[in-house]
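To start, the structure under review is shown below, and the notes come after it.
Residue numbers (my numbering): 11 to 274.
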């Protein structure tokens with residue numbers, strides 16, 4: 011006998027209000043299985059914001075990207091608030107850093123989006139903002155990698171080579187999750203976890219064949235300061251203090267914790 015199909019997730023009417031309490035948007039027939047991250051992208055589009063800027067709130071609880079909306083709805087309705095997250099740094103800071111780190115002109119918004127679409131990851135917001143301000147020498151040349159003649163995984167694709175050689179787990183069962191949550195190459199074997207929903211403050215790691223790995227810094231700004239021997243007062247302390255908890259980093263979080271402890 012054939013097995014009965016699993017029941018479909020109930021649908022919700024989702025109403026979202028902004029920080030001042032005004033109605034921002036309303037969505038009908040949203041699947042209860044949909045994630046907060048997917049809804050945040052729709053809300054961001056309605057508000058003219060980038061997805062990483064939008065945080066959805068149910069009561070006093072900030073929803074995580076993978077949270078199922080159905081767990082927070084009641085009687086077919088879900089009422090949410092939205093908090094706008096601004097980056098803790100500005101273009102002036104970027105310019106001061108790039109004065110000390112020479113390179114090519116920065117990527118445009120279209121080039122950033124093109125890289126993400128071609129290679130299947132999302133830049134951490136701080137890395138994307140930094141690359142928009144300038145493309146340092148010795149980093150992966152994303153502008154060149156965007157060219158049509160550079161095929162993903164082909165001989166000229168230095169970024170995918172680093173991921174394949176150094177950020178692909180030996181355990182075949184872990185590889186699908188690693189592909190779902192890829193590491194983003196910065197330069198050589200230095201990488202950051204890809205951000206599915208625009209989180210800020212992920213650690214920077216140095217990979218070697220997915221086994222002999224080092225956590226270089228708690229976040230991008232600490233790594234940048236150490237890597238380029240920047241003056242300690244160039245990057246404000248509140249910027250360097252922005253760190254994301256290891257146990258909330260998708261897939262790589264447990265490994266990062268072990269690498270810190272010298273277990274793995």
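Even for Gly, the Cβ is constructed at its ideal location relative to N, Cα and C.
For residue i versus residue j, is the C-beta distance shorter than 9 Å?
{"i": "residue 156", "j": "residue 168", "result": "no"}
{"i": "residue 74", "j": "residue 258", "result": "yes"}
{"i": "residue 72", "j": "residue 57", "result": "no"}
{"i": "residue 142", "j": "residue 122", "result": "yes"}
{"i": "residue 248", "j": "residue 197", "result": "no"}
{"i": "residue 103", "j": "residue 242", "result": "no"}
{"i": "residue 164", "j": "residue 174", "result": "no"}
{"i": "residue 76", "j": "residue 47", "result": "yes"}
{"i": "residue 226", "j": "residue 236", "result": "yes"}
{"i": "residue 261", "j": "residue 187", "result": "yes"}
With 16 as the cutoff for other CB atoms within 10 Å, does residue i come out buried or exposed?
{"i": "residue 181", "result": "exposed"}
{"i": "residue 192", "result": "buried"}
{"i": "residue 11", "result": "Legend: pLDDT at residue 11 = 49, less than 50; position of this residue unreliable, value from coordinates given subsequently. Burial call: exposed."}
{"i": "residue 228", "result": "buried"}
{"i": "residue 209", "result": "buried"}
{"i": "residue 83", "result": "buried"}
{"i": "residue 232", "result": "buried"}
{"i": "residue 30", "result": "exposed"}
{"i": "residue 127", "result": "exposed"}
{"i": "residue 120", "result": "exposed"}
{"i": "residue 44", "result": "buried"}
Over the uninterrupted beta strand (DSSP E) stretch that includes residue i, give me the two end residues.
{"i": "residue 34", "result": "33-41"}
{"i": "residue 87", "result": "87-94"}
{"i": "residue 27", "result": "21-27"}
Give every residue of the same chain whose Cβ lies closer than 8 Å to the Cβ of residue i, excluding the five residues on either side of it in the sequence, and list them in chain order.
{"i": "residue 86", "result": "20, 21, 22 and 23"}
{"i": "residue 40", "result": "21, 22, 23, 24, 49, 79 and 88"}
{"i": "residue 97", "result": "135, 136, 139 and 210"}
{"i": "residue 36", "result": "23, 24, 25 and 26"}
{"i": "residue 153", "result": "114, 117, 121 and 145"}
{"i": "residue 254", "result": "209, 210, 211, 212, 213 and 229"}
{"i": "residue 160", "result": "154, 166 and 167"}
Ordered along the chain, which non-local residues of its own chain (more than five positions away) have a Cβ less than 7 Å from that of residue i?
{"i": "residue 274", "result": "The pLDDT assigned to residue 274 is 48, lower than 50, so where the model puts this residue is not dependable, and the model offers no usable value."}
{"i": "residue 230", "result": "134, 136, 137, 202 and 214"}
{"i": "residue 238", "result": "110 and 111"}
{"i": "residue 204", "result": "131, 132, 191, 192, 193 and 194"}
{"i": "residue 252", "result": "98, 210, 211 and 229"}
{"i": "residue 51", "result": "61"}
{"i": "residue 54", "result": "60, 61, 63 and 64"}
{"i": "residue 101", "result": "143"}
{"i": "residue 105", "result": "143"}
Leaving out five residues on either side along the sequence, give the residues of the same chain with a beta carbon under 6 Å from the beta carbon of residue i.
{"i": "residue 107", "result": "none"}
{"i": "residue 114", "result": "145"}
{"i": "residue 148", "result": "197"}
{"i": "residue 63", "result": "94 and 95"}
{"i": "residue 38", "result": "23"}
{"i": "residue 250", "result": "231 and 232"}
{"i": "residue 1", "result": "No statement about residue 1 is possible, as the shown extent of the chain runs from 11 to 274 and does not include it."}
{"i": "residue 256", "result": "263, 266 and 267"}
Which residue marks the beginning of the alpha helix (DSSP H) containing residue i, and which one marks its end?
{"i": "residue 81", "result": "No alpha helix (DSSP H) contains residue 81, which DSSP labels as neither H nor E."}
{"i": "residue 66", "result": "Where residue 66 is concerned, there is no enclosing alpha helix (DSSP H), although the beta strand (DSSP E) it sits in stretches over 64-68."}
{"i": "residue 52", "result": "46-57"}
{"i": "residue 190", "result": "185-190"}
Measuring only from the beta carbon, is residue i closer than 8 Å to any heavy atom that is part of the ligand PLP?
{"i": "residue 145", "result": "Looking at this structure, you won't find the ligand PLP or any other ligand, since it has none at all."}
Discussion item. I'd like the ranges of any alpha helix (DSSP H) spanning at least 4 consecutive residues and lying wholly in the stretch 196-271.
Written reply: Runs of the alpha helix (DSSP H) inside the stretch 196-271: 230-237, 247-250 and 263-271.
Discussion item. Runs of 3 residues minimum, wholly inside the stretch 107-171: which ones carry the beta strand (DSSP E) assignment?
Written reply: none
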